[in-house]
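Participant:
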Amino acid sequence: MNNQLDVKLWADRYVAQWNESDPDRRSALIRTLWAADGTQVLVNPPQEIHDAAVALAFPVPPLEARGHDALNARVARAYETFVLLPNVLGVRWSMVSTSTGQAVGGGLDILALDGDGRLRTDHQFIGVS
Numbered sequence: 001m002n003n004q005l006d007v008k009l010w011a012d013r014y015v016a017q018w019n020e021s022d023p024d025r026r027s028a029l030i031r032t033l034w035a036a037d038g039t040q041v042l043v044n045p046p047q048e049i050h051d052a053a054v055a056l057a058f059p060v061p062p063l064e065a066r067g068h069d070a071l072n073a074r075v076a077r078a079y080e081t082f083v084l085l086p087n088v089l090g091v092r093w094s095m096v097s098t099s100t101g102q103a104v105g106g107g108l109d110i111l112a113l114d115g116d117g118r119l120r121t122d123h124q125f126i127g128v129s
């Protein structure tokens, strides 16, 4: 791994893939961010998926999307299903002690941006994970 990784830039690109409306740009982001055999694992599937697997006598495994094509389909479906509001972002955050490295708090901020990309409102929910 490159020790000079710009974490903020990388995180911004990761978030951008989920919010990209153009399928070609979204696919390009995925191919840039993910290894060819990269895998996203949904460890705790939604309750209805869990219940459906149990009803069919299947163990409930984590759900996986592996490789660029599967990841592209996963991100596209998430965009179609969940990305509804333009200029609204959700940011989960954690505070970590600089002396112990332990998590000491966290929450969720829902950010609304104006037409110039500046913050208009920040609704902060402390303790929400």
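Using the numbering used here, the letters of the sequence shown map in sequence onto residues 1 to 129. Backbone N, C-alpha and C fix where the C-beta goes; we use that ideal spot for every residue, glycine too.
Give the DSSP-derived three-state secondary structure of residue 27 in the structure shown.
Facilitator: Three-state result, residue 27: helix.
Participant: Would you please state the rounded distance, in angstroms, between the beta carbons of residue 111 and residue 119? I believe it to be under 8 Å.
Facilitator: Under the criterion of beta carbons closer than 8 Å, residue 111 and residue 119 qualify as touching, at roughly 6 Å.
Participant: Taking C-beta to C-beta, are residue 26 and residue 75 nearer than 8 Å?
Facilitator: yes
Participant: Please return the same chain residues whose Cβ sits closer than 6 Å to the Cβ of residue 126, not counting the five positions on each side in sequence.
Facilitator: 107
Participant: Can you name the start and end residues of the beta strand (DSSP E) that residue 124 belongs to?
Facilitator: 119 to 126
Participant: To the nearest angstrom, report how far apart residue 32 and residue 80 are at their CA atoms.
Facilitator: 21 Å
Participant: Residue 113 and residue 87 - do their beta-carbons sit closer together than 8 Å?
Facilitator: yes
Participant: For residue 103, I'd like the list of residues in its chain whose CB is within less than 6 Å of its CB, leaving aside the five on either flank, ordered along the chain.
Facilitator: 94, 96
Participant: Just to confirm the assignment: which complete alpha helix (DSSP H) runs, minimum length 4, are found wholly within the region 23 to 95?
Facilitator: 23 to 33, 47 to 55, 68 to 82
Participant: Relative to the C-alpha of residue 92, which candidate in 124, 78, 67, 21 has its C-alpha closest?
Facilitator: Per the C-alpha coordinates, the member of 124, 78, 67, 21 positioned closest to residue 92 is 124.
Participant: How would you call residue 47, buried or exposed, if buried means at least 16 neighbouring beta carbons within 10 angstroms?
Facilitator: exposed
Participant: Going by Cα to Cα distance, which pick from 43, 65, 78 is closest to residue 59?
Facilitator: 43
Participant: Near residue 39, which residues of its chain fall below 6 Å by C-beta distance, leaving aside the five closest residues on each side in sequence?
Facilitator: Taken in chain order, the residues that qualify are 64, 66.
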